[in-house]
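Here is the structure we will look at, set down as structure tokens.
Numbering (this note's numbering), first residue to last: -18 to 241.
So, in structure tokens, the structure goes:
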């Protein structure tokens, strides 16, 4: 699944993982960050800073939050299909919230910090996120009920760490990172914070380009690569070689990858 401006202004599309059978799902514009439910039948996405859901064929588009004075973004569905984690924001701060898939039972997980970009662990018990608490954007984890908050990366102000994604076995986290004077890269760190290291460089090894991780499945990363425009790439784990899925002069930025 990806967001593209190939037809209008940022709508959600799906395709096969070999780049075939591209299909547009939304036509409203300003639609981002689509994520599948585990059964592949429903998509939760952001539109105009509210969270929406739709069927995988694009039908049944419904506003779940409808809060014009607040911000909801970066929705991700738990692997057990019970909850959606998302950014909840207002002027002055962002928190991580959860809610049911129908929009009910909204609850804060973190409190009044700059916390965003949540990701679920494979067992649905832990949420990773990027936070600026302490003055630098690092990766943190917390239990789904808000207990046991822990810092994973410990970078200073010279490096930013965002967009966490759990490994399929839940023991590592991949994330996007950049340091002053360099380009965006994909790094991996153990869940206890040990051994942070680069696994994917930027597209074309050019600091003006960028890479951003979208998903991690067994043996492979799905990333967004920027080289004049955004395209989706697969990267075999342990290889680091970027394989472009589709190429278009417009932006095609992947957000999720569903496999049966």
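For each residue, glycine too, the CB sits at the ideal point set by N, CA and C.
Between residue 94 and residue 56, how many whole angstroms is the CB-CB distance? I'm expecting something under 8 Å.
Translated into the one-based positions of the chain shown, residue 94 becomes position 113. Translated into the one-based positions of the chain shown, residue 56 becomes position 75. Between residue 56 and residue 94 the Cβ distance is about 19 Å, and since that is not below 8 Å, they are no contact.
Distance check for residue 109 and residue 10, CA to CA, integer angstroms please.
Reading the chain shown from its first residue, position 29 is the one you call residue 10. Reading the chain shown from its first residue, position 128 is the one you call residue 109. For residue 10 and residue 109, the distance between alpha carbons rounds to 29 Å.
Under 7 Å from any heavy atom of the ligand ZN, does the C-beta of residue 200 make it?
In terms of ligand content, the structure shown is empty, and the ligand ZN therefore cannot be addressed.
Would you give the residue range spanned by the beta strand (DSSP E) that residue 161 belongs to?
The residue labelled residue 161 in the question sits at position 180 within the chain shown. No beta strand (DSSP E) contains residue 161, which DSSP labels as neither H nor E.
Per DSSP, what are the beta-bridge partners of residue 244 in this structure?
The first residue shown for the chain is -18 and the last is 241, placing residue 244 beyond what the model contains.
Does the segment 179 to 186 come close enough to the segment 229 to 238 that 3 or more CB-CB pairs lie under 8 Å?
no
Could I get the ranges of all uninterrupted beta strand (DSSP E) runs contained in the segment 185 to 221, with 3 residues as the minimum, in chain order?
191 to 198, 201 to 207 and 211 to 217
How would you call residue 16, buried or exposed, if buried means at least 16 neighbouring beta carbons within 10 angstroms?
To locate residue 16, count along the chain shown from 1; it is residue 35. The residue in question, residue 16, is buried, as its Cβ has 16 or more Cβ neighbours within 10 Å.
Ends of the beta strand (DSSP E) at residue 32?
As a first step, residue 32 must be located in the chain shown, where it is residue number 51. 31 to 36 is the extent of the beta strand (DSSP E) around residue 32.
Residue 43 bridges to which residues according to DSSP?
Counting from one through the chain shown, the residue named residue 43 turns up at place 62. According to DSSP, residue 43 bridges with 34.
Under the three-state reduction of DSSP, which class applies to residue 140: helix, strand or coil?
As a first step, residue 140 is located in the chain shown; it is residue number 159 there, counting from the start. Here residue 140 sits in strand by DSSP.
Please name the residue, chosen from 114, 147 and 123, that lies closest to residue 135 on a Cα-to-Cα basis.
The residue you call residue 135 lines up with position 154 of the chain shown. It is 114.
Helix, strand or coil, according to DSSP, for residue 124 in the structure here?
Position 143 of the chain shown, counted from the first residue, corresponds to residue 124. Three-state result, residue 124: strand.
Helix, strand or coil: how does DSSP classify residue 55 here?
As a working mapping, residue 55 is identified with position 74 in the chain shown. It is a strand residue.
Between 0, 189, 173 and 148, which lies nearest to residue 180 when the distance is taken from Cα to Cα?
Reading the chain shown from its first residue, position 199 is the one you call residue 180. Comparing Cα-Cα distances from residue 180 to each of 0, 189, 173 and 148, the minimum goes to 148.
For the candidate residues 60, 66 and 62, whose alpha-carbon lies nearest to that of residue 53?
One-based indexing of the chain shown puts residue 53 at position 72. Of the candidates 60, 66 and 62, the one whose C-alpha sits nearest the C-alpha of residue 53 is 66.
Within a Cβ cutoff of 6 Å, which residues of the same chain sit near residue 41, ignoring the five residues on either side of it in sequence?
Against the chain shown, residue 41 aligns to sequence position 60. Closer than 6 Å at Cβ, skipping near neighbours: 35.
Just checking my contact of residue 96 with residue 77 at CB under 8 Å: how many whole Å lie between their CB atoms?
Stepping through the chain shown from its first residue, residue 96 is reached at position 115. Stepping through the chain shown from its first residue, residue 77 is reached at position 96. That pair is a contact at about 5 Å.
For residue 163, which residues of its own chain have a beta-carbon under 8 Å away from its beta-carbon, when the five flanking residues on both sides are left out?
On the chain shown, residue 163 is found 182 positions in, with the first residue counted as 1. These residues qualify, in order along the chain: 188.
Please work out which residues of its chain come closer than 8 Å, Cβ to Cβ, to residue 151, disregarding the five sequence neighbours upstream and downstream, and give them in chain order.
In the chain shown, counting from the first residue as 1, residue 151 sits at position 170. The residues are 102, 103, 104, 107 and 172.
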